[in-house]
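Right, one structure below, let's go through it.
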Amino acid sequence: MTRKDQDTNLELAKNVKITEHLLSLEELCAKLGTHHENGISETEAKARLAQNGPNAFTPPKQTPYWLIFVEEITAGFALLLWAAAIGSYISYGIEFVPQDMSVAVVLTVVVLGTGTFSFYQRVRSSDVFSSFKNMIPPQTYVVRGGQKMLIPAQDIVVGDLVYCRSGERVPADMRIVRYVRSCSNSTEHMAVSSVPKTSRIGQECEGMKVDNSSITGESDPLSRSPDAGHNAPLEAKNLAFFSTNCVDGSGFGIAIATGDNTVIGNIAKLVSNIKNDQTPIEKEVNRFVKIITVIAVLTGLTFFGIAFGFGGTFFQAFLFMIGITVGNVPEGLLPAMTVSLTMTAKRLASKHCVVKQPQSIETLGATSVICTDKTGTLTQNRMTVEWCHVGGQLFPVQHARDDIDGQMAPVADSWAAYARCCRLCSRAEWVDTDDNPDIMKRQCAGDASETAILRFMESVTGPVVEYRAQYPKVAERPFSSSYKYQFSIHRNPSPGQSGVNFFLVMKGAPERVVAMCGAYLTGNGQVERVDPVFMERFEETYRELGSMGLRVLALCDREFTQFPANHTFNLDDEMGFELTDMRFLGLIAMIDPP
Numbered sequence: 001m002t003r004k005d006q007d008t009n010l011e012l013a014k015n016v017k018i019t020e021h022l023l024s025l026e027e028l029c030a031k032l033g034t035h036h037e038n039g040i041s042e043t044e045a046k047a048r049l050a051q052n053g054p055n056a057f058t059p060p061k062q063t064p065y066w067l068i069f070v071e072e073i074t075a076g077f078a079l080l081l082w083a084a085a086i087g088s089y090i091s092y093g094i095e096f097v098p099q100d101m102s103v104a105v106v107l108t109v110v111v112l113g114t115g116t117f118s119f120y121q122r123v124r125s126s127d128v129f130s131s132f133k134n135m136i137p138p139q140t141y142v143v144r145g146g147q148k149m150l151i152p153a154q155d156i157v158v159g160d161l162v163y164c165r166s167g168e169r170v171p172a173d174m175r176i177v178r179y180v181r182s183c184s185n186s187t188e189h190m191a192v193s194s195v196p197k198t199s200r201i202g203q204e205c206e207g208m209k210v211d212n213s214s215i216t217g218e219s220d221p222l223s224r225s226p227d228a229g230h231n232a233p234l235e236a237k238n239l240a241f242f243s244t245n246c247v248d249g250s251g252f253g254i255a256i257a258t259g260d261n262t263v264i265g266n267i268a269k270l271v272s273n274i275k276n277d278q279t280p281i282e283k284e285v286n287r288f289v290k291i292i293t294v295i296a297v298l299t300g301l302t303f304f305g306i307a308f309g310f311g312g313t314f315f316q317a318f319l320f321m322i323g324i325t326v327g328n329v330p331e332g333l334l335p336a337m338t339v340s341l342t343m344t345a346k347r348l349a350s351k352h353c354v355v356k357q358p359q360s361i362e363t364l365g366a367t368s369v370i371c372t373d374k375t376g377t378l379t380q381n382r383m384t385v386e387w388c389h390v391g392g393q394l395f396p397v398q399h400a401r402d403d404i405d406g407q408m409a410p411v412a413d414s415w416a417a418y419a420r421c422c423r424l425c426s427r428a429e430w431v432d433t434d435d436n437p438d439i440m441k442r443q444c445a446g447d448a449s450e451t452a453i454l455r456f457m458e459s460v461t462g463p464v465v466e467y468r469a470q471y472p473k474v475a476e477r478p479f480s481s482s483y484k485y486q487f488s489i490h491r492n493p494s495p496g497q498s499g500v501n502f503f504l505v506m507k508g509a510p511e512r513v514v515a516m517c518g519a520y521l522t523g524n525g526q527v528e529r530v531d532p533v534f535m536e537r538f539e540e541t542y543r544e545l546g547s548m549g550l551r552v553l554a555l556c557d558r559e560f561t562q563f564p565a566n567h568t569f570n571l572d573d574e575m576g577f578e579l580t581d582m583r584f585l586g587l588i589a590m591i592d593p594p
């Protein structure tokens, strides 16, 4: 990157200034000319859209394809081959020697062939800016004049009151003013498809969470709330940024920036303005071309003088010079180098790695250390269930989903409790606007691990949503990196004589979950007390799955007989029970494919 490019990028970075998160709600509304409940009017929205333009990125200036092609067939070593080809054409035009024409045609084909491949590779993979277009959601809900309406995301303007729900992309940089989520101690549960009235927003419930990895690189979902919590904009809890994903809950926010003025819009400018320096192989080729050119020209001129001095005619000496010059050009170097780089690029492509510039492959080969993020870069960030540890036995399930009942027949009794925990102890939900029959491709809202379990259970046990409806959720504690587990409490629709009105299902880090368990479920459905033999088998299985590079979660449950049917759980204060003497159900292992 040149000094000029660095100065330009620093200037762009300085222009990303956000102060709206530090303002009070009244100051924010006064500054943007909006209302925190009714939004702006439709007339005002149209006027702002006409004045400021759509909520979209301005594409950078594109180099014409013909100019890119010309650059590729005249770059570096190709110029020397063109000079040799032109010399051969001239020689053939004077003496009509077929060999001269053959050399000229071969050189022309080599230059055009290698140039065409480089052109194709560059056009196919160099349009980085176009990837930002996929970050813009097609439609979104806004409140204008007190009325909710569905509009194209490109029509959002500064001051709009925007509604964003789980599973959707945040359509603009916005200041969170209210959030919506079903309360942890309430039986109410809001489906992904519902759009609450403004009178419902702002409940004291679990708030919305966003995935800021595209902005900050933070892989864990981050909670959003009306309170800033931090002076730095990227750390503030009351800001949600354009292109990030809402992975849990939902919320209303006032749009404070759109299009190019958003944080991701400024990142797009940075990307589109970067000019790459020459790679080491390009520098070496250019240096080699200069040396060969000087040697070829000096040798040709020398022999031109010798031929002319020994009595040859001017044309004879000229043809002799052309022959000497062409003979000093290594015609096979360019195709050999191109073929080598092409084969390497194809091998990388088979590993889902797109090579932007073939010349960069040589630089990669000289690299000793690569510092990179794993999730979403080296892996797809699409977790899939690989193994199930049920009833003390380990089952590979990736390729046996069509006959899961037959596979789990030896542990059928414990499989029922295991599957119940997988389906109920989850906040992942299907996005109901996606009716793709392929479960693995259906859109899902939630973090990677929970969506993997949801897809797995949907494919082997049937509709999870219908199953959840049979066991209403009355309370839950979401996953937190501090205690490394999550649990939910559900109402038992048929307690019968057992008196079990409620039951708890939990999943989390195996070492944390097993420490809370006093019993475990065997393959034949019997409950046994945890003993050293069980712990030894558990640790052996856990190590085996971990050595495969899998993400492993443990499952457990507990039934409550001490609470009446009308009991209300409050997980914020005294829960009324201890997280002990749980029943261990098994392990579930997932992989993030490369």
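Take the sequence shown: its position 433, counted from the start at 1, is 433 in full-length UniProt numbering, and no numbers get skipped.
Beta carbons: idealized from backbone N, C-alpha and C, even for Gly.
Collapsing the DSSP output to three states places Thr384 in a strand. In the three-state scheme derived from DSSP, where H, G and I count as helix and E and B as strand, Asn261 is classed as helix. Within the region 92 to 172, the complete beta strand (DSSP E) runs of at least 3 residues fall at 139 to 144, 147 to 152 and 161 to 165.
Rounded to the nearest whole angstrom, the CA to CA distance from Phe315 to Ser340 is 40 Å. Distance from the CA atom of Pro532 to the CA atom of Gly518, rounded to whole angstroms, is 12 Å.
Only exposed fits Cys371, as fewer than 16 other CB atoms lie within 10 angstroms of its CB. Under the three-state reduction of DSSP, Phe395 is assigned to strand.
Cα atoms of Val263 and Phe241: separation of roughly 7 Å, rounded to the nearest angstrom.
Cβ contact annotation for Gln139 (same chain, cutoff 8 Å, sequence separation greater than five): Leu150, Ile151, Pro152 and Ala153, in chain order.
Under a 10 Å Cβ-count criterion, Ile254 is classified as buried, with 16 or more other Cβ atoms of the shown protein chains found around its own Cβ.
The beta-bridge partner set that DSSP reports for Tyr483 is empty. Under the 10 Å beta carbon count, Thr43 is surrounded by fewer than 16 other beta carbons and is classified as exposed. Pairing Pro54 with Arg122, the inter-Cα distance amounts to about 30 Å. Residue burial annotation: Phe487 is buried, with at least 16 other C-beta atoms found within 10 angstroms of its C-beta. By the CB criterion at 9 Å, Asn266 and Thr244 fall outside the cutoff. Contact annotation: the region 503 to 520 does not touch the region 562 to 575, with fewer than three C-beta pairs closer than 8 Å. Residue range Pro280 to Gly309 is occupied by the alpha helix (DSSP H) that includes Phe303. Between the region 318 to 327 and the region 293 to 301, the count of Cβ pairs shorter than 8 Å is three or higher; the stretches touch.
According to DSSP, Ala56 shares a beta bridge with no other residue. Under the three-state reduction of DSSP output, Val355 falls in the coil class, being neither helix nor strand. Cβ-Cβ distances below 8 Å link Val500 to Asn492, Glu559, Phe560 and Thr561 in the same chain, with the five nearest sequence neighbours on each side left out; the list follows chain order. Closest in alpha carbon position to Gly229, among Glu218, Ile176 and Val247, is Ile176. About 27 Å separates the beta carbons of Pro221 and Asp260, which is beyond the 8 Å limit, so they are not a contact pair. For Glu528, the enclosing beta strand (DSSP E) begins and ends at Val527 to Arg529. The region 580 to 594 and the region 544 to 560 touch, with no fewer than 3 CB-CB distances between them shorter than 8 Å. For Gly391, the closest alpha carbon among the candidates Lys269, Asp413, Pro98 and Thr384 is that of Asp413. Between Val385 and Ala448, the C-beta spacing is not below 9 Å. Partner residues in the beta bridge of Phe252, as assigned by DSSP, are Tyr163 and Arg178. DSSP places Arg551 in the uninterrupted beta strand (DSSP E) bounded by Arg551 to Phe560. Given a length threshold of 4 residues, each whole run of the alpha helix (DSSP H) inside the region 310 to 336 is given here in chain order: 314 to 327. Non-local beta-carbon contacts of Met535 in its own chain, meaning distances under 8 Å to residues more than five positions away in sequence, involve Val514 in chain order. Counting only the Cα atoms, Asn38 lies some 20 Å from Leu239.
Here the C-alpha atom of Leu550 lies approximately 32 Å from the C-alpha atom of Pro472. In chain order, Glu37, Asn38, Gly39 and Thr198 place their CB closer than 8 Å to the CB of Gly146, counting only its own chain and leaving out the 5 sequence neighbours on each side. Of the candidates Lys269, Ala336 and Ala30, Lys269 places its Cα closest to the Cα of Pro59.
Residue burial is scored here from C-beta neighbours: Val369 has fewer than 16 other C-beta atoms within 10 angstroms and is therefore classed as exposed.
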